[in-house]
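**Q** For the sequence shown, position 234 (counting from the first letter as 1) is numbered 233 according to numbering that gives the first Met the number 0, and the numbering increases by one without interruption. Glycine is no exception: its CB is placed at the ideal position from the N, C-alpha and C atoms. There's a structure below that I have some questions on.
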Amino acid sequence: MKKATKVLALLLSAAMLMSVLTACGGGAAETTDAAETTEAADTETADTETADTTAAADTETEAPAAEDEAAEAPAAVTAQEGVLTFGTNAEFPPFEFVAANGVIDQYDGIDMAIAKQIAEENGMTAAIENMEFDSLLIALQNGQIDAVIAGMTVTDERKEAVDFSTPYYTATQVMIVKEDSDIAKASDMADKKICVVQGYTGETCVSDMGYDYEAFKKGTEAVLELVNGKCDVVVIDSATAQKYVSDNEGLKIVEDPEAFASEEYAIAVQKGNTALLDMINSAIEAKLADGTISELSAQYLDADSAE
Ligand code: GLN
0 MKKATKVLAL LLSAAMLMSV LTACGGGAAE TTDAAETTEA ADTETADTET ADTTAAADTE
60 TEAPAAEDEA AEAPAAVTAQ EGVLTFGTNA EFPPFEFVAA NGVIDQYDGI DMAIAKQIAE
120 ENGMTAAIEN MEFDSLLIAL QNGQIDAVIA GMTVTDERKE AVDFSTPYYT ATQVMIVKED
180 SDIAKASDMA DKKICVVQGY TGETCVSDMG YDYEAFKKGT EAVLELVNGK CDVVVIDSAT
240 AQKYVSDNEG LKIVEDPEAF ASEEYAIAVQ KGNTALLDMI NSAIEAKLAD GTISELSAQY
300 LDADSAE
């Protein structure tokens, strides 16, 4: 009897802990009831403050588009002179990175290929403005760019600022650790040194879990810290983690689907720009249906592991 009570208490506290841990991914819910795990990403939780996009408000956006008058260019599908300008942060392989010969100028990756196709299929040219991840939504709101394609997870908070397309990729946060690490689940990070990238959903997750962490500007910087033994774990999106693990000796990925809800990447446009959103949605839906997006994903992930 006593034992049973103890077990029950343990189960209850495990359930409560779980609810804290699952408050991560799409909407960062702050409820305390257990139950729902992976669906969290889709539910509308009207949650309070999570770190990321709010920070964007006070960061300076860099390099306003040279020739055109940024301020007014809202509802039209385009984009002056048939150029569809996408904002990205080219520090997120395999979705966007800088390469000698990218698909759009020096920019390469799954997102870049998608952006190019969307523009060209609609008789336009795709252009890229590369900027800090935290500046993307502000640049979009300012009209400096027409759309954001940046492996960006749809979150309730971001949805308050911009409109998102049909999602084109499902990801999750994972932990990158040294091969001999004893971290096997998210709660093992409690007494470890955690690194994240500033403004990414990984930061929101770790912060929602209540752990201390250090935030870096770039994924490569966080991973270098791990490689150099200065931190124990990097929390970052799954496909990008795979890329970093294949590029660096001695690292492995630890998954914990109980703790990290799935996330969906989508393209963002200015609120109310339905013309552009419709155009993007038709393109994405067609590419999901005909396998183009999964082919691109496989192609860029394979290219990584072949290195
Ligand atoms: N998916 C993560 C987010 O939206 C990271 C995206 C990125 O760094 N490009 O925050």
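Output needed for L287: all residues of its chain with C-beta closer than 7 Å, excluding positions within five of it in sequence on either side, in chain order.
**A** Only Y167 meet the Cβ criterion.
**Q** Could you check the C-alpha separation between A282 and I117 for me, to the nearest Å?
**A** Going from the Cα of A282 to the Cα of I117 covers about 6 Å.
**Q** Determine, using beta carbons only, whether E263 comes closer than 8 Å to chain C.
**A** No chain C appears in this structure, which consists of one protein chain only.
**Q** On the DSSP letters alone, give me the boundaries of the alpha helix (DSSP H) that M278 sits inside.
**A** M278 -> alpha helix (DSSP H) spans T273 to A288.
**Q** According to DSSP, is K242 helix, strand or coil?
**A** Helix at K242.
**Q** Out of I175, K184 and A126, which one is the CA nearest neighbour of S237?
**A** It is I175 whose Cα lies nearest to the Cα of S237.
**Q** Given this structure, state the Cα-to-Cα distance separating A89 from Q172, to the nearest angstrom.
**A** In a straight line, the C-alpha of A89 is about 19 Å away from that of Q172.
**Q** Rounded to whole angstroms, what's the CA-CA distance from G101 to G108? Just pull it up for me.
**A** One C-alpha to the other measures close to 8 Å.
**Q** Going by other Cβ atoms of all chains shown within 10 Å of its Cβ, with 16 needed for buried, is N227 buried or exposed?
**A** Exposed, since its Cβ has fewer than 16 Cβ neighbours within 10 Å.
**Q** Quick check: the Cα distance between A267 and A183, rounded to an integer number of angstroms?
**A** Roughly 35 Å separates the two Cα atoms.
**Q** Are there three or more Cβ pairs, one per stretch, closer than 8 Å when the segment 81 to 88 is compared with the segment 113 to 131?
**A** At 8 Å Cβ cutoff, the stretches touch.
**Q** Helix, strand or coil for F94 per DSSP?
**A** Residue state, collapsed to three classes: coil.
**Q** Verify the contact flag: D107, CB atom, against every heavy atom of ligand 1, threshold strictly below 7 Å.
**A** No; taking the cut-off as 7 Å, the Cβ of D107 has no heavy atom of ligand 1 nearer than that.
**Q** Kindly confirm or deny that the segment 256 to 271 and the segment 152 to 159 touch, where touching means at least three C-beta pairs closer than 8 Å.
**A** Touching, per the Cβ criterion.
**Q** Quick one: does the C-beta of D133 sit closer than 7 Å to a heavy atom of ligand 1?
**A** No; taking the cut-off as 7 Å, the Cβ of D133 has no heavy atom of ligand 1 nearer than that.
**Q** With a threshold of 7 Å on Cβ separation, who are the neighbours of I148 within its own chain once the five nearest residues in sequence on each side are excluded?
**A** Once the five neighbours on either side are set aside, the close Cβ partners of I148 are F85, T87, D110, I113, A114 and I266.
**Q** Measure from the alpha carbon of I279 to the alpha carbon of each residue in Q140, D145 and K191, then state which is nearest.
**A** Among Q140, D145 and K191, the Cα nearest to that of I279 belongs to D145.
**Q** Less than 8 Å between the CB atoms is what I'm expecting for S178 and L276, so what's the real figure, rounded?
**A** Residue 178 is actually Glu in this sequence, not Ser. Contact flag wrong, Cβ pair sits at about 44 Å.
**Q** With a threshold of 6 Å on Cβ separation, who are the neighbours of N247 within its own chain once the five nearest residues in sequence on each side are excluded?
**A** Cβ within range, chain order: V226.
**Q** Shortest alpha-carbon distance to G218 belongs to which of A99, D181 and I193?
**A** The candidate whose alpha carbon is nearest that of G218 is I193.
**Q** With respect to 7 Å, is the separation between the Cβ of Y199 and the closest non-hydrogen atom of ligand 1 below this value?
**A** Yes, the beta carbon of Y199 sits closer than 7 Å to at least one heavy atom of ligand 1.
**Q** Suppose you measure from the CA of A258 to the CA of Y243; what does that come to, to the nearest Å?
**A** Roughly 21 Å separates the two Cα atoms.
**Q** With DSSP collapsed to three states, give me the class of Q140.
**A** Q140: helix per DSSP, three-state reduction.
**Q** Out of S245, G150 and A98, which has the shortest C-alpha to C-alpha gap to F323?
**A** No answer is possible for residue 323: the residues shown for the chain start at 0 and end at 306.
**Q** For a test of the three-state rule: what should DSSP assign to K115, helix, strand or coil?
**A** Three-state result, K115: helix.
**Q** Take A240 and list the residues in its own chain whose beta-carbon comes closer than 7 Å to its own, dropping the five residues that flank it on each side.
**A** The residues are V173, I175 and I252.
**Q** Give the range of the alpha helix (DSSP H) segment to which M208 is assigned.
**A** It spans T200 to M208 - the alpha helix (DSSP H) in which M208 sits, taken as one unbroken run.
**Q** Just to check, is the beta-carbon of F85 closer than 7 Å to a non-hydrogen atom of ligand 1?
**A** Because no heavy atom of ligand 1 lies under 7 Å away, the Cβ of F85 does not count as near it: no.
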